[in-house]
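Visitor: I have a structure here, written as structure tokens, and I will follow up with some questions on it.
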Amino acid sequence: MDNNLSLHKLYDAYKRWVITNPNLVTDVETVATWSSYFVAGKINKSPIVSELVYSLSKLLSLFNDRIIREAYGTDVQSYGLREQIKILLTIIHYCEVFVELVVKKRWGCRCKWTAATLLQLFKCSSALILLYRYKELPIGHPPVPALQRKKFTEGKETDENSNAFFTLRRSGRIIRRVDGAPPVAFRDWQPVKLKDDSAYPGTEVKDLLYAETLNILKPLIHLAAMRIFGTKAWKQWLVALGLDLASMKLYNKHMKQLSYEQRLEISRRKLCLVLYLLRSPMYNGYSKNVIEGVLTSASNKIPIMSFICGPIIQYLSHWQEIYFYMWSS
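In my numbering, the protein residues as written are 89 to 417.
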């Protein structure tokens, strides 16, 4: 009984510390996350330890975000099925590489691919529930984004359209307020669009659903392609790239109808196409020599860069072997 009381008091003290020192908590989490990169190669079994440190730091950040959101938020936090699925997907997103490394170390490469398949099956099925039941698209990376704590705690995280418009009672027409209009240089002279406005014509809904479905199923299709063609074959590389490009093409048709956050996620996915340079066989055949040449040149010309480029060159191939499929990108 005393142990339970002491743990409860300890937890309450931790919550008070997080709530009263959100900036300090963020700094501690950042140091913990970056320390996972410096652990690599320094101690025995460094990949597993590095991923463990990274996963724990991200899970701690997710937990602290929840504490801060509940303390500073004005709305009552509800954790229904939708929120629970997003939290589970976020936890898997942070821990899946660690799980795969542990399984590979303990039971071998074959079991590692079995674990990866099971994780991707759960992620895909859960994401499809979010998409088709709750119409959540595009699904974020990770599904529960990091909280912008400074804006949230200072009360500045408000809707960009709040106090910028009002709705006529009889017609329901949305009218922009004079003092809520943006500066002239930034006006697009378009009608006010609400962030939660998800009403699209039927054809557009189908296009967006198809686009997100392709993105969700890509990991499983890529796994099957690697099983059939091999992990370093061009066919599996082209299959994954083709799915990404097809999804982007469908999204590009309706970018104007998407909200700012949705467009931001699509832009992030487009930027992640650069990571195909690090996937096999592109990396082994072409990118490796170019990247190492650039890093070596920067290290030789800029003395300070040698402390950064040296470890990257040393562990680049090792990191590429662990992360080359990068399904969650």
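Glycine included, each C-beta is placed from N, C-alpha and C at the ideal position.
In angstroms, rounded to a whole number, what distance separates the CA positions of K320 and R367?
Guide: Translated into positions along the sequence shown, residue 320 becomes position 232. Translated into positions along the sequence shown, residue 367 becomes position 279. So the two alpha carbons sit approximately 9 Å from each other.
Visitor: For the segment 308-328 and the segment 198-212, state whether three or more C-beta atom pairs, one from each stretch, are separated by less than 8 Å.
Guide: Enough Cβ pairs lie closer than 8 Å, so yes.
Visitor: Specify, as a first and last residue, the run of the alpha helix (DSSP H) that L177 falls within.
Guide: On the sequence shown, position 89 is the one that residue 177 refers to. Looking at the DSSP string, the run of the alpha helix (DSSP H) that includes L177 is 169-195.
Visitor: Spatial neighbours of N303 within its chain, please: C-beta separation below 6 Å, excluding the five flanking residues on both sides.
Guide: Here residue 303 refers to the residue found at position 215 of the sequence shown. Excluding sequence neighbours, N303 sits near S335.
Visitor: Hey, out of S347, R315, Q350, P369, whose CA is closest to L329's CA?
Guide: Taking the sequence shown and counting its residues from 1, one reaches residue 329 at position 241. Per the Cα distances, P369.
Visitor: For a quick check, are the C-beta atoms of F186 and E242 less than 9 Å apart?
Guide: As a working note, residue 186 is residue 98 in the sequence shown. As a working note, residue 242 is residue 154 in the sequence shown. It is not a contact, given that the beta carbons lie outside the stated cut-off.
Visitor: Alpha carbon to alpha carbon, how far is I217 from N388?
Guide: For the purposes of this step, residue 217 is taken as the residue at position 129 of the sequence shown. For the purposes of this step, residue 388 is taken as the residue at position 300 of the sequence shown. Rounded to whole angstroms, I217 to N388 spans 52 Å at the Cα level.
Visitor: Starting from M336 and walking both ways along the alpha helix (DSSP H), at which residues does that stretch end?
Guide: Taking the first residue of the sequence shown as 1, we reach residue 336 at position 248. M336 -> alpha helix (DSSP H) spans 322-340.
Visitor: Using the three-state DSSP reduction, which class does G381 fall into: helix, strand or coil?
Guide: If you number the sequence shown from 1, residue 381 lands on position 293. Note: G381 maps to helix in three-state DSSP.
Visitor: Could you tell me which of Y364, Y339, I392 sits nearest to S355, measuring between CA atoms?
Guide: In the sequence shown, residue 355 corresponds to position 267, counting from 1. Considering only alpha carbons, the answer is Y339.
Visitor: Assign N109 to one of three DSSP states: helix, strand, or coil.
Guide: Here residue 109 refers to the residue found at position 21 when the sequence shown is read from its first residue. Residue state, collapsed to three classes: coil.
Visitor: Would you kindly report the start and end of the unbroken alpha helix (DSSP H) that includes Q402?
Guide: If you number the sequence shown from 1, residue 402 lands on position 314. Looking at the DSSP string, the run of the alpha helix (DSSP H) that includes Q402 is 394-411.
Visitor: State yes or no: is the C-beta of S214 within less than 9 Å of the C-beta of I179?
Guide: As a first step, residue 214 must be located in the sequence shown, where it is residue number 126. As a first step, residue 179 must be located in the sequence shown, where it is residue number 91. No.
Visitor: Check each candidate in L98, Y160, K192 and name the one with the smallest Cα separation from P135.
Guide: Here residue 135 is taken as the residue at index 47 of the sequence shown, counted from 1. Measuring from the Cα of P135, the nearest candidate turns out to be K192.
Visitor: By Cβ distance, which residues of its chain are closer than 6 Å to Y411, with the 5 residues on each side in sequence left out?
Guide: Locating residue 411 in the sequence shown gives position 323, counting from the first residue. Answer for Y411: no residue qualifies.
Visitor: Indicate the three-state DSSP secondary structure (helix, strand or coil) for T291 in the structure shown.
Guide: Here residue 291 refers to the residue found at position 203 when the sequence shown is read from its first residue. Because the pLDDT at T291 is just 44, under 50, the model does not fix this residue reliably, and the value given afterwards should be weighed accordingly. Looking at T291 - three-state DSSP - the assignment turns out to be helix.
Visitor: Rounded to whole angstroms, what is the Cα-Cα separation between E380 and I401?
Guide: If you number the sequence shown from 1, residue 380 lands on position 292. If you number the sequence shown from 1, residue 401 lands on position 313. E380 and I401: Cα-Cα distance of roughly 6 Å.
Visitor: Could you tell me whether the Cβ atoms of V113 and W122 are closer together than 9 Å?
Guide: Counted from its first residue, the sequence shown places residue 113 at position 25. Counted from its first residue, the sequence shown places residue 122 at position 34. Contact flag unset, no.
Visitor: Leaving out five residues before and five after S405 in sequence, what residues of the same chain have Cβ atoms less than 8 Å from its Cβ?
Guide: Within the sequence shown, the letter at position 317 stands for residue 405. For S405, where only same-chain residues beyond five positions count, the Cβ hits under 8 Å are K376.
Visitor: Could you tell me the alpha carbon to alpha carbon distance between R157 and F240, rounded to whole angstroms?
Guide: Taking the sequence shown and counting its residues from 1, one reaches residue 157 at position 69. Taking the sequence shown and counting its residues from 1, one reaches residue 240 at position 152. R157 and F240: Cα-Cα distance of roughly 8 Å.
Visitor: Looking at the structure shown, is E245 part of a helix, part of a strand, or coil, going by DSSP?
Guide: Taking the first residue of the sequence shown as position 1, residue 245 is located at position 157. For E245, the pLDDT reaches just 45, beneath the cut-off of 50, and the residue's location in the model is therefore unreliable, although a value from the coordinates is still provided. Of the three classes helix, strand and coil, the one that applies to E245 here is coil, per DSSP.
Visitor: State yes or no: is the C-beta of W325 within less than 9 Å of the C-beta of Y364?
Guide: Walking along the sequence shown from the start, residue 325 turns up at place 237. Walking along the sequence shown from the start, residue 364 turns up at place 276. Yes, these two residues count as a Cβ contact at 9 Å.
Visitor: To the nearest whole angstrom, what separates the beta carbons of H342 and L296, a pair I think is in contact under 8 Å?
Guide: Indexing the sequence shown from 1 puts residue 342 at position 254. Indexing the sequence shown from 1 puts residue 296 at position 208. Yes, they are in contact, since the Cβ atoms of H342 and L296 sit about 6 Å apart, within 8 Å.
Visitor: Buried or exposed for G290, going by 16 or more other Cβ atoms inside 10 Å?
Guide: Numbered from 1 along the sequence shown, position 202 holds the residue referred to as residue 290. The pLDDT assigned to G290 is 45, lower than 50, so where the model puts this residue is not dependable; a value taken from the coordinates is nonetheless given after this. So G290 ends up on the exposed side.
Visitor: If you run the structure through DSSP and keep just helix, strand and coil, what is V116?
Guide: In the sequence shown, counting from the first residue as 1, residue 116 sits at position 28. Here V116 sits in helix by DSSP.
Visitor: Do I155 and K97 have their C-beta atoms closer together than 9 Å?
Guide: Walking along the sequence shown from the start, residue 155 turns up at place 67. Walking along the sequence shown from the start, residue 97 turns up at place 9. Not closer than 9 Å, so no.
Visitor: Can you check which of these residues, R194, L189, G161, G168, is closest to L235 by C-alpha distance?
Guide: The residue given as residue 235 occupies position 147 in the sequence shown. Selected option, being the one with the closest Cα: G161.
Visitor: Between the Cα of A159 and the Cα atoms of C360, R237, K223, which residue gives the shortest distance?
Guide: Numbered from 1 along the sequence shown, position 71 holds the residue referred to as residue 159. When only C-alpha atoms are compared, the closest one is R237.
Visitor: If you draw a straight line from the C-alpha of S250 to the C-alpha of L206, how long is it?
Guide: Walking along the sequence shown from the start, residue 250 turns up at place 162. Walking along the sequence shown from the start, residue 206 turns up at place 118. Any answer about S250 is weak, because its pLDDT of 47 lies below 50 and its placement is not dependable; what the coordinates show is given next. Cα to Cα, the separation comes out at about 43 Å.
Visitor: Please report the Cβ distance between L177 and P231, rounded to the nearest whole angstrom; I am assuming they are in contact, meaning their Cβ atoms lie under 8 Å.
Guide: Taking the sequence shown and counting its residues from 1, one reaches residue 177 at position 89. Taking the sequence shown and counting its residues from 1, one reaches residue 231 at position 143. Correct: roughly 5 Å between the Cβ atoms.
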